[in-house]
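A short write-up of the structure that comes next.
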């Protein structure tokens, strides 16, 4: 199916919750409301015509200028060989969204990484804790305005300026 | 404290033992850690703890230029560096609509398939080593030495190549190197047979692998296993055949799929068997490419300050450990806005906890080795 | 040894010293000579040989720097380990931790007292020789369990537990195979068993009847399992348990465990040779009649070569085969080897009732079978070598 047809089908089913279809780009995508993400994902996975059994990738992008963190879902279907991209906009202050773990089990690990590096809270996640960074790390590194903490465990994270190092 | 059934029967108080497999361990591939709760030898849960090799490659992508990021992609999986190079360069070319020269495409495929050989050799060699057979490991490494030397002739580096650049390849493959590559391939074919006689046909090896950690098709799709893990579960899906890129549509090769001819479909033996067969298929591909290698420039002219158009794209390459996805967003400047590398080992780790319930401690090692997880891919 | 001392005393030496004291000091001296002049260098050279044999099988070279062809490598390793820092983990049980290597070491050293190197070259010809060996090599279990427990390390504990289960289980097929030969020979004494065989291969107990033929392989497999050798080296499975029960050991204590393992290889080979391969028997040639010294040397060399062949086979097996899982190991022992060894025992006993002519025919038939198997084996090895195109390895494609 063409991406425009996929979008049309979704629009019919979930009018008002999907919007902003962009079809003339490399990877056609459309936006989804954060509240409706679970039912839309379930429909995408289970509908016979769409059959997106694979969550290829789930990641996030930080747009500080537009004050949003965007969670991006790349879905693929082995059965029908089509792909679609979903984007959900969340506010930067309190990015919360329901977990897709019940629909695609691999979302468990993807969401842990997004929580670790962006700070997005996934409601209903079975085990939301940091995955790459140590448990007591402060901050969300992949955000554009991230500044490292001064010290971690007593070790300074700042690199001394080169001249001082040479003089020492 | 867990009260097992034994507690109620005999009144003995038993506890599960918590063991930490790793991070320093001879057979977790790279720096990985599993917190394993066992009841004697039988595992009740194995929770992976990753992040020891996290080098924030994705954040670095936002700070360096497009051309300058290519060496960083090498380190995303240092055993299969060519594929990460290719993924990122394909993404950049897609965004900027840069053409790639035909000779460049063939050079890319030759380099990538040689790298696939090297990566699978390490994978099956270390897998044998984990099971206890040390000889096939050394033989596999001996062959990989030759491949490393060939890579050094091609691009100057043995492990992290920085060979595939935006618009083509960094250096042309000389005719002498082509001769040496085909000599190596002639030499390599009986080696795989010997490997099979030593390891694959070995009764003890089969007993260790058959029926262990079976992955069903539904699980493989739900947990998004890719590459030999997916094909070992019986799903015939290969990016080179199903979402083709580069010159793969013009090449003839088979996609090996696990059949469960020894043990169950989807067990560790099937995943291992797919890798052995892929060794043979890659040889075929390189031979065809060497024959079809056209003349011409190896790289097309690309601006020094590479500034692709605003946009985003998602590119997949079939790396040895599965489909490596590059999601790259460009905002028109000479630095990428966001680079996301989605690797096969990351999702393979997510299935380990489920598969490890009820198997023995020795089987956990078999499971990790058969999934061919690789610490740099997981942590990036 | 005792006979020799008796001779000396009759000749007038050691007058005035009570007999028991002469025996005691003589035995201790003999044991000391055997242990220091034979066992220690033997275990060391076995370690070097093992590394060279593995290396050649893996198309590499192995240690070849220290001394001619690297033959002093073990000495260098030993000195290095002696000079290392003595680390005992803080929370480990100090007394047990320190004691464990010595118990393991003792377990295999004591066996050398009854190994028959030649017709009269034996420290003590106990009339319960083989039973003594079986008993004393079980001390190793105690040492390994102590090492596993006292290290205060869960990995070591797992290794120690696995090892205890393994060694204790495999005592049974080994013991029953030994029993087969004891029935045939009628004596437990090592020299007695050897004297019950002849110098020619068809007079060996190996080819006596089909059941002892199978019994040999059962014994060898069980002995490999008892010696913690691959494919049964689970207790020290280095890719699973880091280093199993020796994880926390370093320096000389670490080396003691491995010293015991390599020395144990020789004990396995020696016992296999004594029981099944005719021991030190040499053909009754005329030159041996005239010179007892030459006879002794010939017997020593024969025994050594036969025993060392099995050491080499054990190394060969280790370089080739992967490791068996611990539950597969247990099921192999209890479900397959124990019933099979009992069947072989009953068969051997039944065979003892066959008249002498029948036994000669059976021996000849089994000898023929053995020769056939050896020929097929070497043909197959030649085929594999031809298939592998060794010229590719000797002139690597670089």
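Protein chains in written order, with the numbering used here: chain U, 1 to 168; chain W, 1 to 380; chain V, 1 to 398.
Think of the CB as a built atom: it goes at the ideal place given N, C-alpha and C, for glycine as much as any other residue.
Relative to the ligand PLP, is the shortest distance from any of its heavy atoms to the C-beta of residue i smaller than 7 angstroms?
i: residue 177 of chain W; result: The ligand PLP is absent from the structure shown, which contains no ligand whatsoever.
DSSP puts residue i in a beta bridge; with which residues?
i: residue 324 of chain W; result: W:317
i: residue 342 of chain W; result: W:325
i: residue 210 of chain V; result: None; residue 210 of chain V has no bridge partner.
i: residue 91 of chain U; result: U:68
i: residue 90 of chain V; result: DSSP, once it has assigned bridges, lists no residue as partnering residue 90 of chain V.
i: residue 97 of chain U; result: U:122
i: residue 152 of chain U; result: U:155
i: residue 30 of chain U; result: U:86
i: residue 165 of chain W; result: W:168
i: residue 73 of chain U; result: U:58 and U:86
i: residue 18 of chain U; result: U:32
i: residue 311 of chain V; result: Partner(s): none; residue 311 of chain V has no beta bridge.
i: residue 18 of chain W; result: W:37
i: residue 360 of chain W; result: W:42
i: residue 312 of chain W; result: W:329
i: residue 63 of chain U; result: U:68
i: residue 299 of chain W; result: W:168
State yes or no: is the C-beta of residue i within less than 8 angstroms of the C-beta of residue j?
i: residue 164 of chain V; j: residue 144 of chain V; result: yes
i: residue 62 of chain U; j: residue 115 of chain U; result: no
i: residue 48 of chain V; j: residue 73 of chain V; result: yes
i: residue 320 of chain W; j: residue 53 of chain W; result: no
i: residue 22 of chain W; j: residue 12 of chain W; result: no
i: residue 113 of chain W; j: residue 336 of chain W; result: no
i: residue 327 of chain W; j: residue 316 of chain W; result: no
i: residue 2 of chain V; j: residue 134 of chain W; result: no
i: residue 345 of chain W; j: residue 374 of chain W; result: yes
i: residue 44 of chain W; j: residue 16 of chain W; result: yes
i: residue 133 of chain U; j: residue 59 of chain W; result: no
i: residue 103 of chain V; j: residue 94 of chain V; result: no
i: residue 150 of chain U; j: residue 314 of chain W; result: no
i: residue 32 of chain U; j: residue 85 of chain U; result: no
i: residue 386 of chain W; j: residue 206 of chain W; result: No information on residue 386 of chain W is available, as it lies outside the stretch 1 to 380 that chain W covers here.
i: residue 169 of chain U; j: residue 91 of chain U; result: The structure shown does not extend to residue 169 of chain U, since chain U is modelled only from 1 through 168, so no value can be given for it.
Under 8 angstroms by Cβ, that's how I've got residue i and residue j pegged, so tell me the actual separation to the nearest angstrom.
i: residue 211 of chain V; j: residue 351 of chain V; result: 7 angstroms
i: residue 381 of chain W; j: residue 53 of chain U; result: The structure shown does not extend to residue 381 of chain W, since chain W is modelled only from 1 through 380, so no value can be given for it.
i: residue 101 of chain U; j: residue 111 of chain U; result: 7 angstroms
i: residue 132 of chain W; j: residue 323 of chain V; result: 3 angstroms
i: residue 155 of chain V; j: residue 90 of chain V; result: Not really, about 17 angstroms apart at Cβ, beyond 8 angstroms.
i: residue 164 of chain W; j: residue 91 of chain W; result: Not confirmed; about 12 angstroms, so no contact.
i: residue 57 of chain U; j: residue 227 of chain W; result: Actually they do not touch by this definition, with Cβ atoms about 15 angstroms apart.
i: residue 300 of chain W; j: residue 99 of chain W; result: 6 angstroms
i: residue 281 of chain V; j: residue 384 of chain V; result: That pair is no contact at about 33 angstroms.
i: residue 107 of chain U; j: residue 55 of chain U; result: 6 angstroms
i: residue 46 of chain V; j: residue 311 of chain V; result: 6 angstroms
Beta-carbon of residue i versus every beta-carbon of chain A: anything under 8 angstroms?
i: residue 59 of chain V; result: Absent from the structure is chain A; the protein chains it does hold are U, W and V.
| said: Would the region 281-297 of chain W count as touching the region 248-259 of chain W if we require 3 or more Cβ pairs under 8 angstroms? | reply: yes
| message | Could you tell me which whole beta strand (DSSP E) segments of length 3 or greater appear in the region 117-143 of chain U? | response | 121-123
| If we count Cβ pairs, one from each stretch, closer than 8 angstroms, do we get three or more for the region 155-172 of chain V versus the region 253-266 of chain V? | no
| Quick one: any contact between the region 260-273 of chain W and the region 225-236 of chain W, if contact means 3 or more CB pairs under 8 angstroms? | yes
| said: What ranges does the beta strand (DSSP E) occupy inside the region 144-215 of chain V, keeping only unbroken runs of at least 3 residues that lie completely in it? | reply: With a minimum length of 3 residues, no continuous beta strand (DSSP E) run stays inside the region 144-215 of chain V.
| task | Within the region 33-118 of chain W, note down every full beta strand (DSSP E) run reaching 3 residues or more, in order along the chain. | result | 33-39 and 42-49
| said: Below 8 angstroms, how does it come out for the region 362-371 of chain W and the region 75-86 of chain W: are there three or more Cβ pairs, yes or no? | reply: no
| said: Using a Cβ distance threshold of 8 angstroms, determine whether the region 39-52 of chain W contacts the region 189-197 of chain V, with at least three qualifying pairs required. | reply: no
| task | Determine, using beta-carbon pairs with one atom in the region 1-9 of chain V and one in the region 254-262 of chain W, whether at least three such pairs fall under 8 angstroms. | result | no
| request: Decide yes or no for the touch test of the region 265-276 of chain V against the region 197-209 of chain V: beta carbon pairs closer than 8 angstroms, at least 3 of them. | output: yes
| query | Counting Cβ pairs closer than 8 angstroms, one from the region 103-112 of chain W and one from the region 128-145 of chain W, do we hit at least three? | reply | no
| task | Please determine if the region 295-309 of chain V and the region 106-123 of chain V are in contact, where contact requires at least 3 C-beta pairs separated by less than 8 angstroms. | result | yes
| message | Quick test of the definition: if touching needs 3 or more C-beta pairs under 8 angstroms, does the region 302-310 of chain W touch the region 183-200 of chain W? | response | no
| message | Three Cβ pairs or more, each shorter than 8 angstroms: is that satisfied between the region 81-88 of chain V and the region 336-352 of chain V? | response | Contact between the region 81-88 of chain V and the region 336-352 of chain V is absent, because fewer than three Cβ pairs lie under 8 angstroms.
| Uninterrupted alpha helix (DSSP H) stretches inside the region 267-301 of chain V (no shorter than 4 residues) | 286-290
| request: Give a yes or no on contact between the region 281-294 of chain V and the region 122-139 of chain V, applying the rule of three or more CB pairs nearer than 8 angstroms. | output: Too few Cβ pairs lie closer than 8 angstroms, so no.
| message | Does the contact criterion of 3 or more C-beta pairs under 8 angstroms hold for the region 197-215 of chain W versus the region 305-322 of chain V? | response | yes
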